[in-house]
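The next block holds one structure in the form of structure tokens; read it before the comments.
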Amino acid sequence: MVGNVDALTVGTASNTTTYNFEPNSGNRPFASAGSGAETNASPSGCQFTVSGCTVVSAGTAISTHLGRGAYTSSLTIDWAKAVPNGSGGYCAPAAGVGSLTAANGDVLTQYERGMVCEVGLTSLTASHTFTGSFTNTGGTGRFANATGGGTISGGDNGEGFSFFRESGDIGY
């Protein structure tokens, strides 16, 4: 027989060993991109309050090691620490959690952090950019002990459409 195998499990019902034949047992390249709908989980005008805003994005992503599946992201923007963006608006730190769901249902969870910037002047319908980093924090199935991370960028159009792109590495 001639063939290829990876993650070969050999054993009995009480004792098994899995052999992983990856060329590099460490982290591997990872990339993901998606788009979807964004909703503000905070009251209208929250960017003008000390408590800031929490925005939730949900849609579809295509990711290496996962294929096509759902994604969600929930970021809280700390507008109390905002700085001018140079165009009449502001930039503020943001952090939260995200998840990517693989075609088979396994979930990769991530911690996201970075800077949200209004594009142009401050307004209730301003579009925003997000630039930062992500850290893989685990998940379910084969991603239960996921590690790695990288950079993330994205934003919204101010009218409920969001998008993102991330690249880095993953270990699982």
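The numbering of the sequence shown is my numbering, which starts it at 2 and goes up by one.
Don't be surprised by glycine CBs; every beta carbon is placed ideally from N, CA and C.
Drop a sphere of 10 angstroms on the beta-carbon of residue i, count the other beta-carbons inside from all chains shown, and report buried for 16 or more, exposed for fewer.
i: N25; result: Below a pLDDT of 50, predicted positions are generally treated as unreliable, and N25, at 47, falls in that range; no measurement from the model is reported.
i: E167; result: buried
i: A147; result: buried
i: T50; result: exposed
i: N137; result: buried
i: V45; result: Note on residue identity: the sequence assigns Ser, not Val, to residue 45. By the 10 Å Cβ count, S45 comes out exposed.
i: L125; result: exposed
i: S58; result: buried
i: S74; result: buried
i: A93; result: buried
i: Q111; result: buried
i: A104; result: exposed
i: T102; result: buried
i: G35; result: buried
i: G27; result: exposed
i: A42; result: exposed
Is the separation between the beta-carbon of residue i and that of residue j shorter than 8 angstroms?
i: G156; j: F164; result: yes
i: G89; j: L122; result: yes
i: I153; j: E113; result: yes
i: A38; j: F162; result: yes
i: E119; j: N86; result: yes
i: T61; j: R69; result: yes
i: G97; j: M116; result: no
i: D107; j: G140; result: yes
i: G142; j: G169; result: no
i: A95; j: F131; result: yes
Pull the bridge partners of residue i from the DSSP assignment, please.
i: C54; result: I78
i: A62; result: G35 and G70
i: N41; result: V56
i: G46; result: None, per the DSSP bridge assignment.
i: G172; result: T148
Original post:
Considering only residues of the stretch 83-170, which uninterrupted beta strand (DSSP E) runs meet the minimum length of 3 residues and lie entirely inside it, listed in chain order?
Top reply: DSSP runs (the beta strand (DSSP E)) wholly in the stretch 83-170: 91-102, 108-119, 129-140 and 148-157.
Original post:
Are at least three pairs of beta-carbons, each pair with one atom in the stretch 61-71 and one in the stretch 80-98, less than 8 angstroms apart?
Top reply: no
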